[in-house]
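Trainee: As given, the protein sequences belong to chains A and B, one line each in that order. Take the first sequence: its position 172, counting from 1, is numbered 456 in the working numbering, and each next residue is one higher. Take the second sequence: its position 183, counting from 1, is numbered 467 in the working numbering, and each next residue is one higher. Note that CB positions come from ideal geometry on N, CA and C, so glycine has one too. My questions will all concern the structure given below.
2 protein chains.
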Amino acid sequence: MAGDNVAPSVIWMRSARGARGPQPSHDRQGIARVAIEIADREGIDAVSMRRIATAIGSGTSSLYRYFARKDDLLNLMVDGALGSGDFSPSGDWRADLGTIAAATRETFLAHRWMVTALAGRPTLGPNRLKRLESTLGLLEEHGLSARERLVLIDTLISYVRGFVASEIADDIAIEASGLSAEQWRADQEAYIASIVSSGAYPRTIGLFEESRRLNGSTLQDQGFAAGLNLILDGIAAKLSRAG
Amino acid sequence: MAGDNVAPSVIWMRSARGARGPQPSHDRQGIARVAIEIADREGIDAVSMRRIATAIGSGTSSLYRYFARKDDLLNLMVDGALGSGDFSPSGDWRADLGTIAAATRETFLAHRWMVTALAGRPTLGPNRLKRLESTLGLLEEHGLSARERLVLIDTLISYVRGFVASEIADDIAIEASGLSAEQWRADQEAYIASIVSSGAYPRTIGLFEESRRLNGSTLQDQGFAAGLNLILDGIAAKLSRAG
DNA sequence: AGAATATGAGAACGATGTTCGCAATAGGAA
DNA sequence: TTCCTATTGCGAACATCGTTCTCATATTCT
Chain A
285 MAGDNVAPSV IWMRSARGAR GPQPSHDRQG IARVAIEIAD REGIDAVSMR
335 RIATAIGSGT SSLYRYFARK DDLLNLMVDG ALGSGDFSPS GDWRADLGTI
385 AAATRETFLA HRWMVTALAG RPTLGPNRLK RLESTLGLLE EHGLSARERL
435 VLIDTLISYV RGFVASEIAD DIAIEASGLS AEQWRADQEA YIASIVSSGA
485 YPRTIGLFEE SRRLNGSTLQ DQGFAAGLNL ILDGIAAKLS RAG
Chain B
285 MAGDNVAPSV IWMRSARGAR GPQPSHDRQG IARVAIEIAD REGIDAVSMR
335 RIATAIGSGT SSLYRYFARK DDLLNLMVDG ALGSGDFSPS GDWRADLGTI
385 AAATRETFLA HRWMVTALAG RPTLGPNRLK RLESTLGLLE EHGLSARERL
435 VLIDTLISYV RGFVASEIAD DIAIEASGLS AEQWRADQEA YIASIVSSGA
485 YPRTIGLFEE SRRLNGSTLQ DQGFAAGLNL ILDGIAAKLS RAG
């Protein structure tokens with residue numbers, strides 16, 4: 285048949301415009317940028333096809349000229365929010381990895397919908413690839429294979445993702461509950477009080493009471509730094525064993 | 285006013301049945317169990333209120349006598365699938381933490397919807413609390429505070445969550461795409477080939493080609509064990525420094 | 001017995017992602 | 001230039017979703 289070449293299912297392989305018809309009014313990256321702004325400002329649930337269409341001044345169904353499914357748009361949003369991730373190695377691998385970890389955490393905190401959107405999404409977009417490539421440049425000259433280096437870096441990034449996930453879980457739950465932050469916290473407080481008064485979970489209760497006495501964000505910062513150092517120590521042990 | 289006591293917003297605080305009316309035909313845990321089975325078998329997207337209602341043989345709107353929102357049902361599903369997590373410490377902390385990490389990974393692999401459902405969900409259900417409490421019993425007698433022990437364990441669990449998330453991301457994407465696994469992999473292959481032929485990302489390309497030569501699941505197992513040992517090494521360093 | 005209150009469920013509402021069909025547009029071929 | 005064909009934009013419609021309303025029914029307390 286003549287028209288055998290269909291549009292590829294991988295979004296990154298679809299060409300920007302067709303050879304024949306009118307010039308498209310928008311482009312995929314631009315639409316994704318608008319969607320990211322909406323998600324940052326109003327939460328991921330506000331990102332509906334109709335909402336995006338209104339924001340860029342087009343009809344809703346026109347979006348399907350750019351994305352076969354909403355999922356493709358989300359792929360572009362995730363990769364777009366990831367950013368280019370340019371960074372220049374300082375030569376001090378420990379400092380470099382700390383910088384990468386902190387930057388990744390900042391990205392997730394700046395776009396709090398990303399932790400949710402990233403779940404179950406194997407992103408291989410340009411930005412992700414760029415990050416991977418530049419990160420693999422680290423830890424060379426320690427006698428490790430590329431795969432071994434990837435394991436080290438993946439372990440670190442997995443930790444960052446997991447940490448931020450629990451760090452922002454409360455905020456997301458509040459947003460989704462529709463309750464005010466005060467009301468939500470009051471309800472939570474009552475629940476925890478009921479756990480405490482139950483007498484079970486003695487060790488956990490100690491943590492609850494300790495947490496109440498400390499400032500939330502500095503507690504998170506300290507926890508993040510502690511876990512980060514833990515993993516960096518593990519990497520250091522690996523490197524000294526290999527080198 | 286007399287009717288001032290409304291149902292608490294935290295699902296775990298709502299009583300099983302009211303004081304006056306007929307006996308409920310179902311219970312929350314049972315409904316959650318059915319929902320878990322559907323999610324395990326047909327994916328999380330198949331878990332709609334109508335689908336659950338049909339499965340337990342009730343009307344759709346009746347579910348709202350048990351859960352104020354679908355989100356509450358998801359909370360119970362997550363906590364239910366977590367399981368009691370009973371385990372008896374062996375005295376060898378390294379072996380114990382390895383067991384916990386492996387068991388957590390198994391849980392996530394057995395209920396692949398959990399990684400997605402857990403995103404942005406601060407679960408404090410009974411099973412989660414039981415797990416936390418028993419896990420905090422580990423690493424005592426090393427001169428660490430409860431919070432310090434929590435940081436160590438949280439770091440480990442964060443890693444497990446992050447690792448499994450990327451481990452199953454492909455499977456979830458295939459399921460959501462509607463494509464056959466073969467078609468999806470063929471498309472992915474074509475995309476990667478286009479990256480390779482682009483000449484960019486030389487380090488990343490090496491990894492792709494290496495991955496193709498190895499068996500997928502043993503590769504995952506090895507990667508998991510490697511990252512796990514990395515973190516356990518970090519914990520060991522921390523313990524020797526503290527003790 | 002009667003009052004009070006919880007349960008079960010059919011019908012309906014608003015919102016969502018997506019598809020269909022058609023008019024308008026613009027590049028390639030004659 | 002002229003016709004053909006592929007492509008865009010989009011209004012309307014569809015199936016499905018979570019959720020609410022309302023009311024008959026069932027049970028327990030006074």
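1. Kindly indicate which three-state DSSP category Y485 of chain A falls into: helix, strand or coil?
2. Which stretch, first to last residue, makes up the alpha helix (DSSP H) that contains N499 of chain B?
3. Which term fits T419 of chain A, buried or exposed, when burial requires 16 or more other beta carbons within 10 angstroms of its beta carbon?
4. Please list, in chain order, the chain B residues whose beta carbon lies closer than 8 Å to that of S501 of chain A.
5. Mind listing the chain A neighbours of F447 of chain B? Cutoff is C-beta to C-beta under 8 Å, in chain order.
6. Please report the straight-line C-alpha distance between F371 of chain A and R469 of chain A, rounded to a whole angstrom.
7. List the residues of chain A whose Cβ lies closer than 7 Å to the Cβ of D471 of chain B, in chain order.
8. What in chain B is Cβ-close to A510 of chain A, meaning under 7 Å?
9. Taking only beta-carbon positions, decide if E451 of chain A is within less than 7 Å of chain B.
10. Assign T338 of chain B to buried or exposed, taking buried as 16 or more other Cβ atoms, counted over all protein chains shown, within 10 Å of its Cβ.
11. Taking only beta-carbon atoms, is A387 of chain A less than 7 Å away from chain B?
12. Taking only three categories from DSSP, how would you classify R389 of chain B?
13. Does the distance from the CB of G518 of chain A to the CB of L514 of chain B come in under 7 Å?
14. With a threshold of 7 Å between beta carbons, is G297 of chain A in contact with chain B?
15. For H395 of chain B and A449 of chain B, I'd like the C-alpha separation in whole angstroms.
16. Which residues of chain A have a Cβ atom closer than 9 Å to the Cβ of R496 of chain B, listed in chain order?
17. The alpha helix (DSSP H) that contains Q313 of chain A, what's its start and end?
18. Beta carbon of P406 of chain A, beta carbon of A457 of chain B: below 7 Å?
19. Excluding the five sequence neighbours on either side, which residues of its own chain have a C-beta within less than 6 Å of the C-beta of S299 of chain A, listed in chain order?
20. With a threshold of 7 Å between beta-carbons, can R378 of chain A be considered close to chain B, or not?
21. Look at the alpha carbon of P486 of chain B and the alpha carbon of R433 of chain A, and state the distance between them as a whole number of angstroms.
22. Cα-Cα, which of B:P373, B:I441, B:G382 and B:I437 is closest to L402 of chain B?
23. Please confirm whether E330 of chain B and I322 of chain B have their CB atoms less than 7 Å apart.
24. Taking 7 Å as the CB-CB cut-off, is A390 of chain B touching chain A?
25. Nearest-angstrom Cα distance between T383 of chain A and I452 of chain A?
26. From S482 of chain B to P410 of chain A, what distance separates their C-alpha atoms?
27. Taking the alpha-carbon positions, what's the G341 of chain B to Y348 of chain B distance?
28. Since L436 of chain A and K522 of chain A are thought to touch, with beta carbons under 8 Å apart, how far apart are those beta carbons, to the nearest angstrom?
29. Does the beta carbon of D329 of chain A sit closer than 7 Å to a beta carbon anywhere in chain B?
30. Return the residue from the list B:L498, B:Y475, B:G421 and B:A303 that minimises the CA-CA distance to S374 of chain B.
31. What residues from the segment 391–402 of chain A come within 9 Å of chain B, judged by C-beta to C-beta, listed N to C?
32. Using the beta-carbon of each residue, which ones in chain B are nearer than 7 Å to Y485 of chain A?
33. Closer than 7 Å by C-beta to D288 of chain A: which residues in its own chain qualify, once you throw out the five before and the five after it? Chain order, please.
34. Tell me, please, whether the CB atom of P410 of chain B is closer than 7 Å to any CB atom in chain A?
35. For D329 of chain A, which of helix, strand or coil comes out of DSSP?
Mentor: According to the structure shown:
1. Position 201 of the first sequence holds residue 485 of chain A. Here Y485 of chain A sits in coil by DSSP.
2. Counting from 1 along the second sequence, the entry for residue 499 of chain B is found at position 215. Per DSSP, N499 of chain B belongs to no alpha helix (DSSP H) and is neither H nor E.
3. What you label residue 419 of chain A is simply residue 135 of the first sequence in a count that begins at 1. T419 of chain A comes out buried.
4. Taking the first residue of the first sequence as 1, we reach residue 501 of chain A at position 217. In chain order: nothing, as chain B lies at least about 16 Å away.
5. Position 163 of the second sequence, counted from the first residue, corresponds to residue 447 of chain B. Within 8 Å Cβ-Cβ: D438, T439 and S442.
6. Start at 1 with the first residue of the first sequence, and residue 371 of chain A comes out as number 87. Start at 1 with the first residue of the first sequence, and residue 469 of chain A comes out as number 185. One C-alpha to the other measures close to 39 Å.
7. The residue given as residue 471 of chain B occupies position 187 in the second sequence. Those are P292, S293 and V294, listed as they occur along chain A.
8. Indexing the first sequence from 1 puts residue 510 of chain A at position 226. Going along chain B in sequence order, the residues near A510 of chain A (Cβ under 7 Å) are V435.
9. Here residue 451 of chain A corresponds to residue number 167 of the first sequence, with the count starting at 1. Chain B, which has no Cβ nearer than 7 Å to the Cβ of E451 of chain A, makes this no.
10. Within the second sequence, the letter at position 54 stands for residue 338 of chain B. Burial call: exposed.
11. Here residue 387 of chain A refers to the residue found at position 103 of the first sequence. It does not; no Cβ of chain B falls within 7 Å.
12. Your numbering for residue 389 of chain B matches position 105 in the second sequence. Three-state DSSP puts R389 of chain B in a helix.
13. In the first sequence, the residue the question calls residue 518 of chain A occupies position 234. In the second sequence, the residue the question calls residue 514 of chain B occupies position 230. Yes, they are a contact pair.
14. The residue given as residue 297 of chain A occupies position 13 in the first sequence. Per the sequence shown, the amino acid found at residue 297 of chain A is Met instead of Gly. M297 of chain A counts as touching chain B.
15. Counted from its first residue, the second sequence places residue 395 of chain B at position 111. Counted from its first residue, the second sequence places residue 449 of chain B at position 165. C-alpha separation (whole angstroms): 12 Å.
16. Counting from one through the second sequence, the residue named residue 496 of chain B turns up at place 212. What R496 of chain B touches in chain A: nothing, since even the nearest Cβ is about 13 Å away.
17. On the first sequence, position 29 is the one that residue 313 of chain A refers to. Residues R312 to E326.
18. The sequence position of residue 406 of chain A within the first sequence is 122, counting from 1. The sequence position of residue 457 of chain B within the second sequence is 173, counting from 1. Yes, these two residues count as a Cβ contact at 7 Å.
19. As a working note, residue 299 of chain A is residue 15 in the first sequence. Hits under 6 Å: none found.
20. For the purposes of this step, residue 378 of chain A is taken as residue 94 along the first sequence, with counting starting at 1. No, no contact with chain B.
21. By one-based count along the second sequence, residue 486 of chain B stands at place 202. By one-based count along the first sequence, residue 433 of chain A stands at place 149. Going by the C-alpha atoms only, they are around 15 Å apart.
22. Start at 1 with the first residue of the second sequence, and residue 402 of chain B comes out as number 118. Taking only the C-alpha atoms, the option nearest L402 of chain B is B:I441.
23. Numbered from 1 along the second sequence, position 46 holds the residue referred to as residue 330 of chain B. Numbered from 1 along the second sequence, position 38 holds the residue referred to as residue 322 of chain B. Correcting the residue identity first, residue 330 of chain B is Ala in this sequence and not Glu. Against a cut-off of 7 Å, the Cβ pair of I322 of chain B and A330 of chain B comes out as a contact.
24. As a first step, residue 390 of chain B is located in the second sequence; it is residue number 106 there, counting from the start. Note that residue 390 of chain B corresponds to Glu in the displayed sequence, not to Ala. It does not: the Cβ of E390 of chain B has no partner Cβ on chain A nearer than 7 Å.
25. On the first sequence, residue 383 of chain A is found 99 positions in, with the first residue counted as 1. On the first sequence, residue 452 of chain A is found 168 positions in, with the first residue counted as 1. Each residue's alpha carbon lies about 20 Å from the other.
26. For the purposes of this step, residue 482 of chain B is taken as residue 198 along the second sequence, with counting starting at 1. For the purposes of this step, residue 410 of chain A is taken as residue 126 along the first sequence, with counting starting at 1. For S482 of chain B and P410 of chain A, the distance between alpha carbons rounds to 12 Å.
27. Walking along the second sequence from the start, residue 341 of chain B turns up at place 57. Walking along the second sequence from the start, residue 348 of chain B turns up at place 64. G341 of chain B and Y348 of chain B: Cα-Cα distance of roughly 14 Å.
28. Looking up residue 436 of chain A in the first sequence gives position 152. Looking up residue 522 of chain A in the first sequence gives position 238. Correct: roughly 7 Å between the Cβ atoms.
29. The residue given as residue 329 of chain A occupies position 45 in the first sequence. No, D329 of chain A does not count as interfacial toward chain B.
30. To locate residue 374 of chain B, count along the second sequence from 1; it is residue 90. Closest option to S374 of chain B, Cα to Cα, is B:G421.
31. Residues R396, W397, V399, T400, A401 and L402.
32. For this step, residue 485 of chain A is matched to residue 201 along the first sequence. Here the neighbours are L413 and E417.
33. The residue given as residue 288 of chain A occupies position 4 in the first sequence. Annotation note: pLDDT 39 at D288 of chain A (below 50); position unreliable, no value reported.
34. Mapped onto the second sequence, residue 410 of chain B falls at position 126. Judged by the 7 Å Cβ criterion, P410 of chain B is not in contact with chain A.
35. As a position in the first sequence, residue 329 of chain A is number 45, starting the count at 1. Of the three classes helix, strand and coil, the one that applies to D329 of chain A here is helix, per DSSP.
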